[in-house]
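*Asks:* Sharing a structure, written as C-alpha cells. Questions coming.
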Amino acid sequence: MNADKLLDAFSELEEGAVRSAGALLGFEEERMRTRKPVKIIIRAVLIAAILATLSIGAAYAMGLFTMEVRTPEEGEELVGHYTYYDPAQQKDVTEEADLSNATLVLQLDGAGENHKVRFRPGWLPEEQEGYTLERYCDEEAEDQFYYYTCFFDRSQGGRGVLYQIECHYARPGTIVYMDGESAEVVKEEDWDTLHITEIEQVSRHIAADGSQTVYRYVLVFDPNAGWFVSIAGTADFETLEHIAREMEFITLDELAEPSGGDYSYLGVGVG
Numbered sequence: 000m001n002a003d004k005l006l007d008a009f010s011e012l013e014e015g016a017v018r019s020a021g022a023l024l025g026f027e028e029e030r031m032r033t034r035k036p037v038k039i040i041i042r043a044v045l046i047a048a049i050l051a052t053l054s055i056g057a058a059y060a061m062g063l064f065t066m067e068v069r070t071p072e073e074g075e076e077l078v079g080h081y082t083y084y085d086p087a088q089q090k091d092v093t094e095e096a097d098l099s100n101a102t103l104v105l106q107l108d109g110a111g112e113n114h115k116v117r118f119r120p121g122w123l124p125e126e127q128e129g130y131t132l133e134r135y136c137d138e139e140a141e142d143q144f145y146y147y148t149c150f151f152d153r154s155q156g157g158r159g160v161l162y163q164i165e166c167h168y169a170r171p172g173t174i175v176y177m178d179g180e181s182a183e184v185v186k187e188e189d190w191d192t193l194h195i196t197e198i199e200q201v202s203r204h205i206a207a208d209g210s211q212t213v214y215r216y217v218l219v220f221d222p223n224a225g226w227f228v229s230i231a232g233t234a235d236f237e238t239l240e241h242i243a244r245e246m247e248f249i250t251l252d253e254l255a256e257p258s259g260g261d262y263s264y265l266g267v268g269v270g
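Counting with numbering that gives the first Met the number 0, you get residues 0 to 270 for the letters of the sequence shown.
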C-alpha cells in the first residue's frame with residue numbers, strides 16, 4: 000500500500016463519508032459547504048494520518064534493538080574491550096581482546112534499556128541415565144530459570160552437552176563472538192514478535208569416536224526488550240526447536256546490569 004493507491008481509494012469515497020471524516024478531524028460544516036477544495040484536503044489529511052499510523056507500526060515492528068549475525072570478512076580486525084578496577088593501581092584498567100579468529104559474530108545495537116529475562120520450560124527431553132542436570136533459578140521465583148543444562152556424565156566417560164539454555168542481553172555496541180572450526184546460520188524466521196536464528200557450529204571438541212562435536216543453536220531474540228536466549232547443544236534442531244516453542248519467556252521489570260566489556264562469548268560447555 001502506497002500514497003497513490005490510498006489516494007485512489009479515497010477518491011471513491013462518497014461525499015457523506017468524507018464529511019463525516021472531516022467532522023471527526025475538526026473541520027467545520029460551514030467550511031465544508033463553502034470551500035470546494037476541502038474534500039481534497041480532508042482526503043489528504045486522512046492519507047497522512049494513515050501513513051503515520053503505518054509508520055508507527057513499522058517502527059514498532061523493528062523494535063528497539065537489533066542483532067546482525069554475520070561471518071567476519073577475511074582480514075577484518077575485531078577487537079573487544081573489557082574494563083575493570085585494578086586495586087593495585089587504584090584505577091580502572093581497560094584490556095583488549097583479539098576476536099579476529101571468530102567464526103561468527105552477533106553485532107548488537109539499539110537505543111533502550113535491557114530488561115532481565117527468565118524462562119520457564121514447558122517441555123524438555125526425558126532424563127536418561129548417564130546425564131547430569133544443572134539448573135539455576137531466579138531467587139524470587141524458583142520456577143523461573145536463567146540457566147539450565149543437560150550434559151553427559153563425565154564420571155561415566157561421557158563428553159558434550161545435550162542441551163543448554165542461557166539468558167543473554169543485546170547490549171548496544173556489543174559483539175558476541177563464536178569460535179570453533181566453523182559456524183554458519185542455517186535458518187532465520189519470526190515467531191510472532193520473536194526473531195529466531197539457527198546456527199550450526201563445528202567445534203574443536205573431539206568426540207569419543209574421534210569425530211568433531213557439532214553443536215546446534217536456536218537463538219530466540221526479543222527486539223523490544225533487548226534480550227536473547229540461547230538453546231544449544233548436540234541435540235538435533237527438531238529437539239531444540241521443540242524446547243523453544245514450549246518455553247515461556249518472562250521479561251522482568253528489573254533492568255540487566257551493564258557489563259564491563261563490549262564483547263562476550265557464545266558457546267556450549269560446562270564450567
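Glycine included, every Cβ here is placed at the ideal spot set by N, Cα and C.
#1: Below 8 Å, how does it come out for the segment 78-90 and the segment 137-154: are there three or more Cβ pairs, yes or no?
#2: Would you tell me roughly how many angstroms separate the C-alpha atoms of asparagine 1 and serine 99, rounded to the nearest one?
#3: Taking the straight line between their C-alpha atoms, what separation do you get for alanine 243 and valine 219?
#4: Could you give the first and the last residue of the continuous alpha helix (DSSP H) run that contains threonine 238?
#5: Between isoleucine 205 and tyrosine 216, is the Cβ-Cβ spacing less than 7 Å?
#6: In chain order, what residues of the same chain have a beta carbon less than 6 Å from the beta carbon of glutamate 112, not counting five sequence neighbours either side?
#7: With contact counted as at least three CB pairs below 8 Å, one residue from each stretch, are the segment 162-176 and the segment 247-261 in contact?
#8: Grab the span of the beta strand (DSSP E) containing glutamine 163 for me, first residue to last.
#9: Just to check my reading of the structure: alanine 101 and methionine 177 have Cβ atoms closer than 8 Å, yes? What is that Cβ distance to the nearest angstrom?
#10: When you compare only the Cα positions, how much space is there between glycine 266 and proline 86?
#11: By DSSP, does glycine 259 sit in helix, in strand, or in coil?
*Replies:* For this structure:
#1: Taking a contact to require three or more Cβ pairs closer than 8 Å, the segment 78-90 and the segment 137-154 do not qualify as touching.
#2: At asparagine 1, the pLDDT of 42 sits below 50, so the modelled position is not reliable; the number obtained from the coordinates is stated separately. Their backbone Cα atoms lie some 44 Å apart in a straight line.
#3: 8 Å
#4: Start and end: 236-244.
#5: no
#6: Leu254
#7: yes
#8: 160-168
#9: 6 Å
#10: 31 Å
#11: Glycine 259 falls in the coil class under three-state DSSP.
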